[in-house]
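Q: Take the sequence shown: its position 83, counted from the start at 1, is 119 in this note's numbering, and no numbers get skipped.
Where is the CB? At the ideal position from N, CA and C, for every residue including glycine.
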Amino acid sequence: MKLTAPKQRQGDYYETLAKHYLEAQGLTFFAKNWHYKNLGELDLVMLEPTQKTPCLVIVEVRQRKASQFGTSLDSITPAKQRKIIKTTAAFLQAHPQFDNFDIRFDVVSYEGAHAVGEAVFSLPSWIKDAFSVNSAFCITYKLSKNYAMLRSKIV
């Protein structure tokens with residue numbers, strides 16, 4: 037897919053930067069912009085080898101030029117977290133090879149982000165385990181089979 041809108045190109049640029057940064061930290065790339073119809077998209081899906089159960093790392097990439105409306109992390113609302121978690125459940129259905137993996141939700145953020153093509157000198161903020169299924173879903177949420185399965189796998 038050709039990215040024509042400036043926001044799409046900028047998002048792709050920072051997702052690619054985050055991918056390379058996480059690979060340099062020892063994670064293995066699996067997918068970028070995994071999309072499920074009418075549900076959502078996962079920016080990056082990475083694998084983290086561990087001594088026990090391997091970990092599937094779902095990464096949300098955020099960037100903001102200025103923080104007058106809050107940081108890039110502030111933009112990951114509980115509603116956005118729920119959307120990511122639901123999309124992750126769909127991802128797991130489509131990729132049963134990850135059934136026995138632990139799952140972690142990370143955020144990579146860039147503050148004071150530059151336009152596409154400008155050099156980025158600062159390292160991103162990498163927040164491991166930035167949110168969990170329990171923090172994103174209220175108590176009254178009806179448990180579905182996918183949610184229950186996903187909840188049991190969270191690191």
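Between which two residues does the beta strand (DSSP E) containing Leu-92 stretch?
A: Unbroken beta strand (DSSP E) run through Leu-92: 91–100.
Q: Can you tell me which of the three DSSP states Asn-69 falls into?
A: Looking at Asn-69 - three-state DSSP - the assignment turns out to be strand.
Q: Give every residue of the same chain whose Cβ lies closer than 8 Å to the Cβ of Thr-176, excluding the five residues on either side of it in the sequence, and list them in chain order.
A: The predicted model places Thr-176 with a pLDDT of 29, which falls under 50 and marks its position as unreliable, so this point remains unresolved.
Q: Skipping 5 residues on each side, what residues in its chain have a beta carbon closer than 7 Å to that of Thr-123?
A: Only Tyr-72, Leu-75, Gly-76, Glu-77 and Leu-78 meet the Cβ criterion.
Q: Taking Cβ positions, are Phe-204 and Cys-91 nearer each other than 9 Å?
A: The structure shown does not extend to residue 204, since the chain is modelled only from 37 through 191, so no value can be given for it.
Q: Note down, in chain order, each residue of its chain lying with its Cβ closer than 8 Å to the Cβ of Lys-88, except the 5 sequence neighbours on either side.
A: Excluding residues within five positions, none has a Cβ falling inside 8 Å.
Q: Name, in chain order, the residues that DSSP records as bridge partners for Phe-141.
A: For Phe-141, which the question treats as bridged, DSSP gives the partners Ile-94 and Phe-167.
Q: Quick one: is Pro-85 buried, meaning 16 or more other Cβ sit within 10 Å of its Cβ, or exposed?
A: So Pro-85 counts as exposed.
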